[in-house]
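Q: Mind looking over this structure? Questions follow.
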Amino acid sequence: MAHARRKIYDARSNNEQLASYALQEIAKLYGIEQACQEEQLNEEQKKDRRNKESLPILKTLGEWMKNEYQQLRPKSLIAQAFAYSIKRWEKLSLYAHTGNLMIDNNAIERCMRNVAVGRKNHLFCGSHDAAQRAGLLYSLLVTCKLNNVNPHNWLKDVLSRDINEMPINQIKTLLPYNWKG
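Just so we're on the same page, this note's numbering is the position in the sequence shown counted from 1, plus 24.
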């Protein structure tokens, strides 16, 4: 949603009225997400809130964009911004049908910035297999950070366990977002 929002924001100079309306509606969606976070809703509660509040906004906004787009010059900035959103509308709306997806991927992109910055350093892992293992470990540590889990405590606990003794369906409890230290 953040990329779609940014394109609409950048098109304000082209059509302030249309861009402002779209941005106000998108702001409502982010407001709902902020309320879910502040209220610390679980996945089921978040899904219910999104079904009740976000889906109607998304439905109305998507239909409105399609109608407005038909009246715009295709090469205008606002038309291009709307076309971008319309083309991806199903995927942009997907989060609202669940309780476990985020409205955008900004948090992931911020975390992955370190990967891009360190790309040259990762050339010296020694082998392709070592680079894959380093990438996997890095991904898990970033997941700890995103879920407010102390990476040191998580790693110490998980590595000290004998996973051969765990039932296969319990192994997922060791992932950072499920881990109860």
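Virtual Cβ for every residue (Gly too), placed ideally from N, Cα, C.
Take Cys258 and list the residues in its own chain whose beta-carbon comes closer than 6 Å to its own, dropping the five residues that flank it on each side.
A: The question about residue 258 has no answer, for the chain in this structure spans 25 to 205.
Q: Return the chain-ordered list of same chain residues with a C-beta closer than 6 Å to the C-beta of Glu40, the five sequence neighbours on each side being excluded.
A: Counting only Cβ-Cβ distances below 6 Å, and skipping sequence neighbours, we find nothing.
Q: Have a look at Lys31 and Gln104 and give me their C-alpha separation to the nearest angstrom.
A: One C-alpha to the other measures close to 8 Å.
Q: Roughly how far, in whole angstroms, is the beta-carbon of Ala120 from the beta-carbon of Leu79, given that I think they are within contact range, below 8 Å?
A: Indeed they touch by this definition, with Cβ atoms about 5 Å apart.
Q: What number of angstroms, rounded off, separates the C-alpha of Ser100 from the C-alpha of Asn38?
A: For Ser100 and Asn38, the distance between alpha carbons rounds to 7 Å.
Q: At which residues does the alpha helix (DSSP H) containing His176 begin and terminate?
A: Its alpha helix (DSSP H) spans residues 175–184.
Q: Taking 8 Å as the threshold (C-beta atoms), are Asn188 and Lys196 in contact?
A: Contact flag unset, no.
Q: Using 8 Å as the threshold, is the C-beta distance between Asp29 and Leu42 below it?
A: Reading off the sequence shown, one finds Arg at residue 29, where the question assumed Asp. Cβ distance not < 8 Å, so Arg29 and Leu42 don't count as in contact.
Q: Under a three-way DSSP split, which group does Gly123 fall into?
A: Coil, per DSSP.
Q: What residue range is occupied by the uninterrupted alpha helix (DSSP H) comprising Trp113?
A: Where Trp113 is concerned, the enclosing alpha helix (DSSP H) stretches over 113–117.
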